[in-house]
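For the sequence shown, my numbering assigns the number 260 to the initial residue and increments by one for each residue that follows. Idealized CB from N, CA, C, for every residue including glycine.
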Amino acid sequence: MEILKGIGINGLTLFIKESKTLVLGDLHLGFEESLNKQGVFIPRFQFQEILLILKKILNKLKPEKIIIVGDLKHEFGSISEQEWRHVLELIDFLSLRSELIIIKGNHDVKLSPITKKRNIKILPFYKQKEILFAHGDVIVKEDSKIIIIGHEHPAVSFRERSTQKYKCFLKGKYKKSVLIVMPSLNLVTEGSDITKGRFISPYLKQTKNIEVYVNEDKTYRFGKLRDID
Numbered sequence: 260m261e262i263l264k265g266i267g268i269n270g271l272t273l274f275i276k277e278s279k280t281l282v283l284g285d286l287h288l289g290f291e292e293s294l295n296k297q298g299v300f301i302p303r304f305q306f307q308e309i310l311l312i313l314k315k316i317l318n319k320l321k322p323e324k325i326i327i328v329g330d331l332k333h334e335f336g337s338i339s340e341q342e343w344r345h346v347l348e349l350i351d352f353l354s355l356r357s358e359l360i361i362i363k364g365n366h367d368v369k370l371s372p373i374t375k376k377r378n379i380k381i382l383p384f385y386k387q388k389e390i391l392f393a394h395g396d397v398i399v400k401e402d403s404k405i406i407i408i409g410h411e412h413p414a415v416s417f418r419e420r421s422t423q424k425y426k427c428f429l430k431g432k433y434k435k436s437v438l439i440v441m442p443s444l445n446l447v448t449e450g451s452d453i454t455k456g457r458f459i460s461p462y463l464k465q466t467k468n469i470e471v472y473v474n475e476d477k478t479y480r481f482g483k484l485r486d487i488d
């Protein structure tokens, strides 16, 4: 399904047809080890599942460029053993297939010691013709027709299924730009329930007419956020 003309939703990623660019974000690699340190013991399954998901998408779409819109790792002030191993493995996996662009997220404070091992620079944002790619934790003062961000980890719940959340994409109007918000590619958690009316991204606090696209077995367009209950 296209969320905007020329920009299609593929699972938890976006694909820009004209430039053959795949966009993903908020993987939060190392999340399981962080939980383990807090006494929450869960199996470390998500990384291999992410690789399988991405392999299918890459084989299908054959992108020439891959953009990660921030929060590649999870820990703020340190680098865990799991982060070292999985970030390097993911970089190797993706960069062998296409050009890789990494945008710095608020969790990526200590990411550069890892990316330097592969001579990859971390960018504050990236612009491709009329599209601006940013993490979304701060406003980037660049004019563009389209802005694509992560950071929010949007998910929705419904009254009849109040205990369940569903990852979703968001589309709205930020000033004169179309804003697209991507769900997290982290598979351990569903994300933040935006039906509760609280946003963390400064972009979304100023965005109007937000439309919701829920990702499940396929993508479902659910209309305006204000109409979901």
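Item, Value
"Which residues bound the beta strand (DSSP E) around arginine 480?", "478-483"
"Comparing alpha-carbon positions, which option in Phe384, Met260, Ile398, Val346 lies nearest lysine 434?", "Ile398"
"Leaving out the 5 sequence neighbours to the left and right, which residues in its chain are closer than 8 Å to glutamate 308 when beta-carbon positions are compared?", "Leu446"
"Is threonine 448 helix, strand or coil when you go by DSSP?", "coil"
"I'd like to check one pair, isoleucine 316 with valine 346: are the Cβ atoms closer than 7 Å?", "no"
"Would you report the Cα separation of glycine 482 and phenylalanine 335, rounded to the nearest angstrom?", "35 Å"
"Check each candidate in His287, Gly329, Ile459 and name the one with the smallest Cα separation from glycine 364.", "Gly329"
"So serine 443 and isoleucine 406 are in contact, right, with Cβ under 8 Å, and what is the actual spacing, rounded?", "Wrong, their Cβ atoms sit about 18 Å apart, outside the cutoff."
"In three-state terms, what does DSSP make of leucine 347?", "helix"
"For my contact list, lysine 332 and isoleucine 360 are in at a C-beta cut-off of 8 Å; report their separation, rounded to the angstrom.", "Actually they do not touch by this definition, with Cβ atoms about 16 Å apart."
"Could you check whether valine 440 and glutamate 226 sit closer than 7 Å to each other, using their CB atoms as the reference points?", "Because the chain in this structure spans residues 260 to 488, residue 226 falls outside the shown range and cannot be described."
"Whole alpha helix (DSSP H) runs in the region 261-343 with 4 or more residues, listed along the chain?", "290-296, 305-320"
"Across the region 421-433 and the region 459-476, are there enough close Cβ pairs to call them in contact, namely three or more that are closer than 8 Å?", "yes"
"Express the C-alpha separation of glutamate 348 and glutamine 341 in angstroms, rounding to a whole number.", "10 Å"
"Is the beta carbon of glycine 265 closer than 7 Å to that of lysine 276?", "yes"
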